[in-house]
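Numbering (the UniProt record's numbering), first residue to last: 1 to 233.
Accompanying notes for the structure given below.
Here you go:
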């Protein structure tokens with residue numbers, strides 16, 4: 001039976017080859033989502049080990065996040081951009097969960113991200129969620145919650161207003177576009193706790209800043225931030 005199953009799997013792989021979501025090369029049997037080359041050579045930031053890092057500096061003087069970090073550097077035309085594009089627009093939501101599990105294991109090694117009890121993904125507006133079918137930040141959050149063994153909270157923070165696309169907007173225009181689009185449904189659920197607010201990519205940080213301002217209404221809350229990638233160095 002195992003021989004037949006293995007033959008069937010090989011036949012399916014021949015007709016519909018599994019490919020790396022980053023570089024597009026065919027995956028070997030023991031590879032999943034990313035080939036071993038991309039897994040080890042995609043540009044990691046290691047910001048989770050640095051209190052003073054470029055992502056954290058983006059929020060200085062704007063909102064008091066406890067810690068902030070991103071897994072990868074994001075540059076135009078890069079393998080990381082292709083990976084995020086596959087997650088966000090091509091329906092490969094499992095990419096988010098896979099990277100979340102990987103990054104969650106890294107965050108557990110950092111004292112900067114200690115004591116976190118819940119992960120909260122930046123929500124999509126219901127209309128966009130219906131159109132896309134899933135929230136890519138939520139799938140990233142799922143992976144983080146699994147590997148860090150913490151709560152996944154997708155109900156405390158909601159997006160009450162739709163916003164325009166952030167592409168090609170200045171930092172000020174991005175902030176104007178999102179500053180009042182989030183609200184809380186239950187200000188007491190995470191009271192006094194340390195939560196991890198997550199998104200897919202950090203560019204200017206405007207969306208996370210707006211979401212953070214909404215969460216700061218929770219009594220005694222501490223907020224850290226993480227993303228799959230960031231466009232800063």
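By construction, the Cβ of each residue, glycine as well, lies at the ideal position given by its N, Cα and C atoms.
Per the Cβ contact rule, the stretch 108–125 is not in contact with the stretch 79–88 (fewer than 3 Cβ pairs under 8 Å).
Residue 183 is classed as exposed because its beta carbon has fewer than 16 other beta carbons within 10 Å across all chains shown. When the Cα atoms are used, residue 122 and residue 158 turn out to be separated by approximately 8 Å.
Ranked by how close their Cα comes to the Cα of residue 193, the residues 200, 209, 223 have 223 in first place. Within the model, the alpha-carbon separation for residue 134 versus residue 213 is close to 24 Å. Secondary structure note for residue 230: its beta strand (DSSP E) is the uninterrupted segment 222–230. Distances from the alpha-carbon of residue 209 to those of 100, 61, 161 put 61 closest. Under the three-state reduction of DSSP, residue 108 is assigned to coil, being neither helix nor strand. In this structure, the alpha-carbon of residue 34 lies about 27 Å from that of residue 154. A distance below 8 Å separates the beta carbons of residue 104 and residue 148.
The alpha-carbon separation between residue 100 and residue 180 amounts to approximately 28 Å. In the structure shown, residue 27 falls within a coil segment according to DSSP collapsed to helix, strand and coil. Beyond the five residues adjoining it in sequence on each side, residue 72 comes within less than 7 Å, by CB distance, of 42, 43, 44, 45, 80, 228, 229 in the same chain, given in chain order. In this structure residue 152 does not touch residue 195 by the C-beta definition: roughly 11 Å separates them, more than the 8 Å allowed. A direct Cα-Cα distance of roughly 8 Å separates residue 138 from residue 96. The bridge partners DSSP lists for residue 158 are 183. Following the DSSP letters along the chain, one finds residue 147 inside the alpha helix (DSSP H) bounded by residues 136–148. In the assembly as shown, residue 56 is a buried residue. Its beta-carbon has 16 or more other beta-carbons within 10 Å.
Judged by beta-carbon spacing, residue 22 lies beyond the 8 Å limit of residue 47, meaning their Cβ atoms are not closer than that value.
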